[in-house]
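Presented below is the structure to which this report refers.
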Amino acid sequence: MKGKENQARSSLQQLRDFSTAEIELDELVEGISETSKETQHSIWSLVFNARYGLKVLVLIACILHISQQFSGINVVFYVS
Numbered sequence: 070m071k072g073k074e075n076q077a078r079s080s081l082q083q084l085r086d087f088s089t090a091e092i093e094l095d096e097l098v099e100g101i102s103e104t105s106k107e108t109q110h111s112i113w114s115l116v117f118n119a120r121y122g123l124k125v126l127v128l129i130a131c132i133l134h135i136s137q138q139f140s141g142i143n144v145v146f147y148v149s
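The working numbering applies: residue 70 is where the sequence shown begins, and numbers increase by one.
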């Protein structure tokens with residue numbers, strides 16, 4: 070919590086009683102530590118990683134979009 074644990078404790082104690090504030094602060098600290106342990110994924114790693122299999126789906130979506138543009142079906146969708 071970047072050194073602001075005492076400030077957070079005093080703020081929680083103003084809002085709640087002492088024991089509830091301590092329990093809630095412990096839960097917050099635990100949640101923050103668990104969140105910092107999780108790995109971060111970028112959009113590109115999700116698309117191009119073979120484990121997720123999104124590369125094929127993105128390719129199919131792009132081919133469908135391009136074929137719609139060349140066939141002129143978008144004009145029919147917008148006009149009707």
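Ideal Cβ placement from N, Cα and C applies to all residues, glycine included.
For clarity, every value in this text was computed on a predicted model and none was experimentally measured.
- With a beta-carbon spacing of about 10 angstroms, residue 125 and residue 116 fall beyond the 8 angstroms limit used to define contacts.
- Separation of the CB atoms of residue 85 and residue 93 is rounded to 7 angstroms, and the pair is thereby assigned contact status at 8 angstroms.
- In the DSSP annotation of this structure, the continuous segment of the alpha helix (DSSP H) that includes residue 95 starts and ends at 87–106.
- Residue 80 and residue 110 have their C-alpha atoms some 34 angstroms from each other.
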